[in-house]
Amino acid sequence: MMLTKVDRIQKDIESLAQFSCVEGIGCTRFTYTKEFRQAADYIIAEMKGAGLEVREDPVGIIIGRLEGKNPNAPVIMTGSHFDTVKTGGRFDGPAGVVTALETARVLHEEGFVPECPIEFVALPEEEGARFGGGLFGSRAICGQLKPNELETYKDWDGVSIAEAMKGYGLDPSKAAESQRKPGDIGLFLELHIEQGPILENNKIDVGIVDAIVGLKTFVVTVKGRSDHAGTTPLNMRADTMLAAARAITAGTDKALELNDGTVVTFGRVETKPGAFNIVAKETVFNIDCRSRGLESVDTVIAAVRESLEKSEAENPGLSFEMFESLKANPVPMKPEVKALLHAKAEECGISTMELLSGAGHDAMIMGSLCDVAMVFVPSKDGRSHVPEEWTDYEDLQNGIEIVCRTIKELASK
Ligand SMILES: [Zn+2]
8 MMLTKVDRIQ KDIESLAQFS CVEGIGCTRF TYTKEFRQAA DYIIAEMKGA
58 GLEVREDPVG IIIGRLEGKN PNAPVIMTGS HFDTVKTGGR FDGPAGVVTA
108 LETARVLHEE GFVPECPIEF VALPEEEGAR FGGGLFGSRA ICGQLKPNEL
158 ETYKDWDGVS IAEAMKGYGL DPSKAAESQR KPGDIGLFLE LHIEQGPILE
208 NNKIDVGIVD AIVGLKTFVV TVKGRSDHAG TTPLNMRADT MLAAARAITA
258 GTDKALELND GTVVTFGRVE TKPGAFNIVA KETVFNIDCR SRGLESVDTV
308 IAAVRESLEK SEAENPGLSF EMFESLKANP VPMKPEVKAL LHAKAEECGI
358 STMELLSGAG HDAMIMGSLC DVAMVFVPSK DGRSHVPEEW TDYEDLQNGI
408 EIVCRTIKEL ASK
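With positions in the sequence shown counted from 1, the corresponding number in the numbering used here is that position plus 7.
Set out below in structure tokens:
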């Protein structure tokens, strides 16, 4: 027997989807807008209905608290974000918020009194779709807002975060008070849609995340010489595009050879002068490499570098520079919580597999403050950040059910 109810889950998702600024073209709900307020009001009302003590923190994080017998014990926190990308889907973010709502309702119906406090949360600006920063709510909780971020990060109309906060009824000068002390939160457990095809392809009900991948990004600049495309023999060129292409192939081949889930993407290439009949004198490209461990990332990057060194040695006049623009360590999920999630799934006849999270989530930031765990539910055709984004309500319920049972057990001791 399921503790959770699929009709309530469906109603939550459909209700939140209504609070979108573009009717019929996916969900667009940017942080601190009118639609965002409407969604917040819905979430607050549902939380109150589930008997929670509800407050909005200084950056607009909605926190519904179920007090524990020991109010000072580390909090178990669950939830996700409720902002969206532009014309996105109805599940990315809300799936985890609805998990919090439905879990709170189940515990309320049972009259459950936890040992430790449980906090059910809905976070703003995870996507960064309005102000560009992203992971804003979790960064606020972890004290990772950048100096002057509220003034310098602006939307397309030049409205700063601070100005938007005022319009939303918040006092930006108090933003730092969102930060929680180490030890205050024990666990952050987030359900999210997979946003990829692995669960669906393997016909598995629910994914238990093993780790959020680590990543490094680089900007690579290759410099050479422009020449006539017809008159300069191939062996006498310093062709930066060719060197880049070889390096891109070398990096991708190395990632494939590792066969450990490492992915590498070269999503932007720019050449100068950028003409079809002139050898490119400069090529700039980006590398985005992610893996369970940074050793694998370093192995791929080394293969790119080796290839470029070979081009440099073989083509006089060619040189390159690599600049590391971003580095994030992998975030492992708490093994005991993972094991409990598997056990609860088995109890309910729900199939599971472990997978990596290739995308960053609020749980990634929360990992700097407390233990974290994540559950993925299937995404139809692996699609996300598009209006077609879809998860069957029964699939979502499966994920919510095991989160609910896991929280109940963890909060019983
Ligand atoms: Zn998300």
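Think of the CB as a built atom: it goes at the ideal place given N, C-alpha and C, for glycine as much as any other residue.
Among the options, nearest to residue i - alpha-carbon criterion
i      : options                          : result
Asn284 : Glu313, Val13 and Thr239         : Thr239
Ala418 : Leu152, Trp397, Asp178 and Lys76 : Lys76
Thr327 : Arg312, Lys334 and Pro337        : The question names Thr, yet the displayed sequence has Phe at residue 327. Ranking Arg312, Lys334 and Pro337 by Cα distance to Phe327 puts Arg312 first.
Leu108 : Pro78, Gly140 and Gly58          : Gly58
Gln45  : Ala24, Gly56, Leu263 and Arg137  : Ala24
Ser364 : Pro78, Ala218 and Lys223         : Ala218
Pro204 : Asp267, Thr398 and Val410        : Thr398
Ala422 : Thr256, Phe26, Cys149 and Asn266 : Coverage of the chain is limited to positions 8 through 420, which leaves residue 422 absent and any answer about it impossible.
Asp191 : Val29, Gly324, Pro78 and Arg297  : Pro78
Gly56  : Phe195, His115 and Lys188        : His115
Ser314 : Ala257, Lys223 and Gly95         : Ala257
Gly135 : Ser145, Asn322 and Glu321        : Ser145
Glu126 : Ala147, Phe119 and Thr85         : Thr85
Arg297 : Ile83, Pro342, Val338 and Ile50  : Val338
Tyr175 : Ile294, Ala262, Phe43 and Val344 : Phe43
Closer than 8 Å: residue i CB and nearest ligand 1 heavy atom
i      : result
Ser386 : no
Ser87  : yes
Gly100 : yes
Glu133 : yes
His349 : no
His368 : yes
Euclidean distance between Cα positions of residue i and residue j
i      : j      : result
His392 : Glu316 : 38 Å
Asn336 : Met371 : 9 Å
Gly281 : Ala287 : 7 Å
Glu264 : Phe330 : 25 Å
Asp193 : Thr278 : Looking at the sequence itself, residue 193 is Gly, so the reference to Asp does not match. Cα-Cα distance, rounded: 49 Å.
Val229 : Lys173 : 46 Å
Leu157 : Glu122 : 37 Å
Gln17  : Gln186 : 33 Å
Leu73  : Pro101 : 20 Å
Val166 : Phe143 : 16 Å
Pro81  : Pro124 : 7 Å
Phe225 : Gly374 : 24 Å
Asp164 : Lys41  : 16 Å
Asp378 : Asp234 : 57 Å
Leu376 : Ser318 : 45 Å
Asp162 : Ile168 : 8 Å
Ile70  : Phe98  : 20 Å
Lys188 : Ser332 : 30 Å
Ala47  : Met54  : 10 Å
Asp267 : Thr290 : 30 Å
Asp402 : Arg412 : 16 Å
Ser22  : Gly103 : 15 Å
Glu117 : Leu301 : 45 Å
Met340 : Gly237 : 56 Å
In DSSP terms, what residue i is bridged to
i      : result
Leu198 : Val382
Leu59  : In the DSSP output, where bridge partners are listed per residue, Leu59 has none listed.
His235 : Ile285
Leu241 : None; Leu241 has no bridge partner.
Arg72  : Glu60 and Glu126
Asn293 : Val226
Glu331 : Phe225
Ala218 : Pro339 and Leu363
Glu277 : Val291
Cys34  : Gly95
Cβ-heavy atom distance, residue i to ligand 2, below 8 Å
i      : result
His199 : This structure lacks ligand 2; its bound ligands are ligand 1.
Minimum Cβ-Cβ distance from residue i to chain C less than 9 Å
i      : result
Asn405 : Checking the listed chains, one finds no chain C in this structure; it contains a single protein chain.
Three-pair Cβ contact test at 8 Å for the stretch 84 to 91 versus the stretch 33 to 44: In this structure the stretch 84 to 91 touches the stretch 33 to 44; the number of beta carbon pairs closer than 8 Å is three or more.
For the stretch 198 to 211 and the stretch 293 to 312, state whether three or more C-beta atom pairs, one from each stretch, are separated by less than 8 Å. No, they do not touch.
Touching or not, the stretch 346 to 360 and the stretch 124 to 131, by the rule of three or more beta carbon pairs under 8 Å? No: the two stretches stay apart, fewer than three of their Cβ pairs being nearer than 8 Å.
Tell me, please, whether the stretch 49 to 69 touches the stretch 178 to 189 by the rule of three or more beta-carbon pairs shorter than 8 Å. A contact exists between the stretch 49 to 69 and the stretch 178 to 189.
If we count Cβ pairs, one from each stretch, closer than 8 Å, do we get three or more for the stretch 240 to 255 versus the stretch 373 to 388? Contact fails: fewer than three Cβ-Cβ distances are below 8 Å.
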